[in-house]
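Numbers in this note's numbering are just positions in the sequence shown, counted from 1, shifted up by 10.
Here a beta-carbon is modelled for each residue, glycine too, at the ideal position from N, C-alpha and C.
Model, not experiment: these values are computed from the prediction.
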Amino acid sequence: MRFCDCDAKLDIIPADGEYSFHCPRCEKTTIGTDEGTLISHSERTNISYDTMIAIVADDPTIQIIDIPCVYCKNKYMAVMIVGDAQVTGVCLKCNKRQDIVIPEDIDDPSILWNTKPSVVDYTTKTKKPTKKVTVVGSHDEMLTIIMEPDMLFRKWLEASRAQIIDSKYKKILSDDFMNNQNKYLDTGKFYDPNNGIVSEYLVGIDHISKYLWYQYRPPPQDVDVIPKLEHTYKLKITHPSTSKHKNTMTIFEDSLIRRYYGIRGKAVTIISLSDNIERIYYNGSDSDVITIKQITKNIGTQINKYIWKQMTKSHPDLIVIDMRDPKDTSRLIIDSFIPAYPIFITKDVIVLTLILFRQINGIDPLATKRKQIIQSIINRTSYVLGAMITTDSYSPVDITPDAKYHRSGISSLSDGIYTNGKVLPVYPQDTHFVSPCDHGWLTTGTKATLLTAIEIIKPTKILECGSWYGLSASFIKKYAPDAHLTCIDYFKNNANYDIDMDELSPSDKLFQQHLRLETFHRNIAIQISKNKKLDDKRYSGTDISVDDIGVTTIQMSILDGLELLSDHDFDMVYIDCEKKTKPLISLLKTIRKMCPGAIIVGDDYRYGSVKKAINLLMKGAFHGSAIVVNDESYIISPEKSMKISMVDIHTRKLQECVAPPKVTELIQLIDEKKYHVAIETISDPLHYILPDEIGTNVLNVISKKTKLTDDKWDKIMGDTDSWTQPVINPAKLTPFDYQTHHITFE
């Protein structure tokens, strides 16, 4: 299938070894030498983007590459795979055909369209190339593309464009890619496609996986080199819901283990029954801060009390619980990497982080013996986190998931709602090793509506129903830094997954890679840490209180969370969790009864079900209240004394303030029907990645207007459109993903 400049499909008519390409729309006809020649009538330097995608999607034998044309130096060429050693290229500007010959000693033909090689004149080159790729033109003009042999594979890996390969060729490329990966493994290296670097291969953490493309995530900025690992590790899925689906368990056990790679714990607390400091050797460095605490009686309670103090002061990166017999003098080496799940080194030694210890609510206070301590952590971990990391030395077998973990434990040392183990305040230092994630749904209009409510009522207590990764919570804390924010969401751990999976999809790269609670705490901590008062306390060693932090998470359903908070009052409530009419009406009534004087800000008003719920309430239970609608968000005030006109004007003014500069330009381009220019203004079209600050309203318009957003989006982006606009690429796909994941385009 071929397309004209006017985007119409060309009729292909064979005649005496040549092909006539006729456009039924503009009546132009061009002669080509073979059916694989791509016709371009104009002298443009680029092909229209919708035509480019159509070519890739509808004709898998054609790819777009950025090797310069021999004749006109145009950046883009279309190439057609002819064989293992040759491809045919056609310039998208001058239409001249060029044969690209690949020598036998180059392993992978796909290198040609996944790199930007420098082109050097054959007669003037000063260095003999170790490998050559000769581009032959019809005038016998010869050029040589020089590529160092050690850089061939890396150039492919570090390609700047996410090329889309047809499934039948992708299978070949995937196998070749894996062969090259194995060569790197033999040298102790592994390629991290998310971060674009080749890093050290860790035995037991890195392993050959069917879902190799999925395993990796970019490490935070404070990444550090980990010493050689002492133990070999594997992941054990334990959550009752996930355990019902054997295939899901297999997939997760093969893929979820590699987290926080390259992050080494530098502050370590060792809790032991012995005062022998030589029993544990931490595989770190001389600069690490290692604290050893001996506990001899009331073990469970004493461990909880000691770690509870650590929560507000030192915030260790790692906690080592050593329950070996005090008479045991053998030396045990602990690896220094920070894990996403508790590590059971032996039947008596556990390594975990402070945020993990807090999530499982510490240890059952009734546990007084060594075996009881370990068993309590096993049972709580299996239910709350759903997974644990084991070694070749030990893998727990006797597991009884503890669904009542939240009733007693470290939370018993607190008061108020914090006596419930599902209620956790955010402590910034607990998640400094977690990669932030900026995914979420918060339009410019909703930002303006939230900011309006904050500026009008100056709230001191805010409730958020539905938090995801903390995008809206961070925005609220930015403009209401002194208010206490309480966030209700399931924050369900990734290993708790009650679905029978066939395989991992591209969207799982986002929705399964980022741990829900840890990522929320990390995202909100970034905003909280900008409070100078908090920094002063942290670095002076002063205790940090819940009030200093000002954000609390509740891991429950919205209704259960509201029941827990039934005795609390809030000045402002933000709802982003329910779209169905009847449940939303019930939720709003519950909130109004609990907080009669609160201003309610809601999202998703563009949905008919939400509009219906609000309209019914305003005529019934909320009669006498005032409402202001701004795009897809709304404000409900309990009193009509709130001047609607003032709020409306104020909201629109604020919307202009928070709107990014590009929005105005984009809207103008859309009004002028310059859709392709609008897309080009936003980002590289082959990446499908847009800046987060661009409002969803603009994306919606582009999605509806441009020809790019037909059924091809589903083919390109998998099922991610069910989560957000597929044009945003929420799964953060890389060239690596396209090569190794079988995304079909037929």
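Here DSSP, grouped into helix, strand and coil, assigns Gln565 to strand.
Here the region 489-500 makes no contact with the region 630-642; the two share fewer than three CB pairs at distances below 8 Å.
For Ile399 and Phe354, the gap between their C-alpha atoms comes out near 6 Å.
Counting only runs that start and end inside the region 458-529, the alpha helix (DSSP H) elements of at least 4 residues fall at 481-489 and 518-521. Shown here, Lys256 sits in a helix according to DSSP, grouped into three states. Partner residues in the beta bridge of Thr279, as assigned by DSSP, are Thr301 and Ile329. For the pair of segments examined, the region 439-459 was found to touch the region 351-366: the number of CB pairs separated by less than 8 Å reaches three. Within the region 324-379, the complete beta strand (DSSP E) segments of 3 residues or longer fall at 328-332, 342-345 and 359-362, listed in chain order. Judged by DSSP in its simplified three-state form, Val444 adopts coil rather than helix or strand. Inter-residue distance for Ile559 and Ser340 is about 42 Å (C-alpha atoms, whole angstroms).
Looking at the DSSP output, Tyr291 sits in a beta bridge with Ile343. Shown here, Ser647 sits in a strand according to DSSP, grouped into three states.
Asp492 is classed as exposed because its beta carbon has fewer than 16 other beta carbons within 10 Å across all chains shown. Here Pro435 is bridged, per DSSP, to Thr562.
Nearest in C-alpha terms to Ile568, of all of Asn430, Thr600 and Lys487, is Thr600. Put simply, the region 416-424 does not touch the region 342-357. Fewer than three CB pairs are less than 8 Å apart. Excluding residues up to 5 positions away in sequence, Leu481, Ser482 and Phe485 lie with their Cβ nearer than 7 Å to the Cβ of Leu452 in the same chain.
Asn389 and Gln312 have their alpha carbons spaced roughly 19 Å apart. Excluding five sequence positions before and after Tyr291, the CB atoms of its chain that fall closer than 8 Å to its own CB belong to Arg341, Leu342, Ile343 and Ile344, given in chain order. Ile309 is the residue among Ile309, Asp579, Leu239 and Thr454 whose C-alpha sits nearest the C-alpha of Pro375. Spanning the alpha carbons of Gly607 and Lys468 requires a straight line of approximately 13 Å. For Lys629, the uninterrupted alpha helix (DSSP H) segment begins and ends at Gly618 to Lys629. The region 454-470 makes no contact with the region 397-416; the number of CB pairs closer than 8 Å stays below 3. In this structure, DSSP gives Ala397 an extended state, which the three-state scheme calls strand.
Cβ-Cβ distances below 6 Å link Ile464 to Tyr489 and Ala490 in the same chain, with the five nearest sequence neighbours on each side left out; the list follows chain order. Note on Asn506: 16 or more other CB atoms within 10 angstroms of its CB, so buried under the neighbour-count rule. Annotation: Gly476 to Ser424 spans about 25 Å, alpha carbon to alpha carbon. Here Leu575 carries a coil assignment [DSSP, helix/strand/coil]. One thing to note: Leu434 has its Cβ no nearer than 8 Å to the Cβ of Thr322. Straight through space, the alpha carbons of Thr301 and Met628 are spaced by roughly 59 Å.
Excluding five sequence positions before and after Ile305, the CB atoms of its chain that fall closer than 8 Å to its own CB belong to Ile281, Ser282, Leu283, Gln312, Ile313 and Tyr316, given in chain order. The residue from Leu395, Lys471 and Gln523 with its alpha-carbon nearest to that of Pro446 is Gln523. The Cβ-Cβ distance between Tyr615 and Ile472 does not fall below 8 Å.
Secondary structure of Asn533 (DSSP, three-state): helix. Apart from sequence neighbours up to five positions away, the residues of its chain that approach Asp579 with a beta-carbon distance below 8 Å are Lys471, Met604, Cys605, Gly607 and Ala608, ordered along the chain.
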